[in-house]
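**Q**
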Amino acid sequence: MTLSATSTSPVRGKLTPNAPLAPLVWFKSGGNAEWLFEPKDVADLQEFLRGLDPAVPVMALGLGSNLIVRDGGVPGVVVRLGKAFAKVAKIADLTLDCGAGASGILVSSTARDNGIAGLEFLRSIPGTVGGFVRMNGGAYGGEVKDILVDCDVVLRDGTLLTLPVEELHYTYRHSELPEGAIVVGARFKGRAGKAEDIQAEMDRISASREASQPLRSKTGGSTFKNPPGHKAWELVDQAGCRGLTLGGAQVSEKHCNFLLNLGEASSADIENLGDEVRRRVKELSGVELEWEIQRVGNK
Numbered sequence: 188m189t190l191s192a193t194s195t196s197p198v199r200g201k202l203t204p205n206a207p208l209a210p211l212v213w214f215k216s217g218g219n220a221e222w223l224f225e226p227k228d229v230a231d232l233q234e235f236l237r238g239l240d241p242a243v244p245v246m247a248l249g250l251g252s253n254l255i256v257r258d259g260g261v262p263g264v265v266v267r268l269g270k271a272f273a274k275v276a277k278i279a280d281l282t283l284d285c286g287a288g289a290s291g292i293l294v295s296s297t298a299r300d301n302g303i304a305g306l307e308f309l310r311s312i313p314g315t316v317g318g319f320v321r322m323n324g325g326a327y328g329g330e331v332k333d334i335l336v337d338c339d340v341v342l343r344d345g346t347l348l349t350l351p352v353e354e355l356h357y358t359y360r361h362s363e364l365p366e367g368a369i370v371v372g373a374r375f376k377g378r379a380g381k382a383e384d385i386q387a388e389m390d391r392i393s394a395s396r397e398a399s400q401p402l403r404s405k406t407g408g409s410t411f412k413n414p415p416g417h418k419a420w421e422l423v424d425q426a427g428c429r430g431l432t433l434g435g436a437q438v439s440e441k442h443c444n445f446l447l448n449l450g451e452a453s454s455a456d457i458e459n460l461g462d463e464v465r466r467r468v469k470e471l472s473g474v475e476l477e478w479e480i481q482r483v484g485n486k
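Written out as structure tokens, the structure reads:
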């Protein structure tokens with residue numbers, strides 16, 4: 188693919204060729220983006236996509252928490268939404284308007300400050316609003332489908348659309364967003380609550396995560412979806428995979444639905460370890476574990 192800053196509409200954001208992605212993802216591994224685009228605002232993103240050859244692949248990158256970037260890098264354009272997309276504001280009774288780049292911590296804290304309960308679970312999900320909306324993010328009894336009113340997306344051709352929650356057809360960790368759509372904003376609605384009660388619930392969730400998950404490691408969050416009737420970590424543990432290593436990657440001993448980069452793991456080490464875990468679980472229990480972590484790029 189050939190793409191130059193002049194082959195599309197002039198951008199007001201930042202367009203970087205051959206950009207390293209490892210520093211931008213939690214696993215700290217993987218190759219480069221052919222191009223990394225950090226738009227200045229929604230209109231900048233729209234103009235860029237309108238001027239881009241439709242054959243060029245485009246993917247969005249949030250905090251890079253639930254992602255393996257393969258060692259061969261990502262072809263086409265990776266779009267990273269920065270500070271301009273990280274704003275959160277109350278717009279109506281019990282409703283927040285959230286930029287797609289806003290973190291779960293910022294959203295839940297803003298909800299607390301405005302007496303909005305029901306969004307506390309976002310405190311526990313590493314990532315941004317764009318990823319939560321795309322994946323129907325959830326934890327501690329809450330899911331995005333329970334709080335989403337609607338979302339703004341920019342389609343591959345640059346069109347800006349607002350989609351109500353019903354049109355996303357949410358299921359477990361899955362939405363039916365249009366192919367190539369980039370989430371740029373969302374409205375979340377909760378219920379009335381007292382700030383001190385909301386904070387107490389956020390503290391409880393935070394302490395639970397701290398006790399059970401390897402938060403200070405190079406990891407990617409939950410690796411596999413929970414199969415119907417099962418917990419992924421229990422299946423992994425029963426298959427003898429707790430602490431299993433491959434190259435520089437390891438199954439966490441603290442929570443075995445987490446994979447770790449022990450230092451210098453390649454993305455191939457991490458993905459191959461995950462596939463080995465899946466093989467052992469299938470052999471022992473007959474259950475086929477599905478990846479929750481997204482794997483992108485060329486091997």
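Sequence positions in the sequence shown follow our numbering and run 188 to 486.
We put the CB at the ideal spot given by N, CA and C, even for glycine.
#1: Using C-beta distances below 8 Å, list every residue in its chain close to A379, excluding the 5 sequence neighbours before and after it, in chain order.
#2: Given C338, which residues of its chain have a CB within under 6 Å of its CB, disregarding the five upstream and five downstream residues?
#3: Taking the beta strand (DSSP E) that E221 belongs to, which residues open and close that run?
#4: Assess, as a yes-or-no matter, whether the stretch 402-415 is touched by the stretch 462-477 under the definition of 3 or more beta carbon pairs within less than 8 Å.
#5: If you drop the 5 nearest sequence neighbours on each side, which residues of the same chain put their C-beta closer than 7 Å to that of I457?
#6: Going along the chain, which unbroken runs of the alpha helix (DSSP H) with 4 or more residues stay wholly within the stretch 309-385?
#7: Would you mind giving the Cβ-Cβ distance between G317 and G238, rounded to the nearest angstrom? I have them listed as a contact below 8 Å.
#8: Might you give, ordered along the chain, the residues of its own chain that have their beta carbon closer than 8 Å to the beta carbon of V275, omitting 5 neighbours on each side?
#9: Can you name the residues that DSSP bridges to W478?
#10: Please report the Cβ distance between A242 and A220, rounded to the nearest whole angstrom; I am assuming they are in contact, meaning their Cβ atoms lie under 8 Å.
#11: Alpha carbon to alpha carbon, what distance is there between E421 and S311?
#12: Assign G461 to one of three DSSP states: helix, strand, or coil.
#13: Could you check how far apart the C-beta atoms of V261 and V483 are, in whole angstroms? I think they sit under 8 Å.
#14: When the Cα atoms are used, what is the spatial distance from A218 to Y359?
#15: In or out: N485 buried (at least 16 other Cβ within 10 Å) or exposed?
#16: On a Cα-Cα basis, can you pick out the residue from E366, S439 and A419 that is closest to L402?
**A** Well, looking at it:
#1: L281, G302, I303 and A304
#2: Excluding positions up to five away in sequence, the list reads V320, L350, V370 and A373.
#3: Here the beta strand (DSSP E) through E221 covers N219 to E225.
#4: yes
#5: Scanning its chain for C-beta atoms nearer than 7 Å, with the 5 sequence neighbours on each side dropped, one finds around I457 the residues F214, S216, I255, A436, L446 and N448, in chain order.
#6: Every alpha helix (DSSP H) of 4 residues or more that sits fully in the stretch 309-385 is shown, in chain order, as 316-322.
#7: With 8 Å as the limit, G317 and G238 do not qualify as a contact, their Cβ atoms being about 22 Å apart.
#8: Closer than 8 Å at Cβ, skipping near neighbours: L283, D284, C285, G286, A289, L293, V294 and T297.
#9: DSSP lists F411 as partners of W478.
#10: About 17 Å separates the two Cβ atoms, so there is no contact after all.
#11: About 21 Å.
#12: The three-state reading of DSSP puts G461 in helix, counting H, G and I together.
#13: 6 Å
#14: Rather than Ala, the amino acid found at residue 218 in this sequence is Gly. Cα to Cα, G218 sits roughly 30 Å from Y359.
#15: exposed
#16: S439
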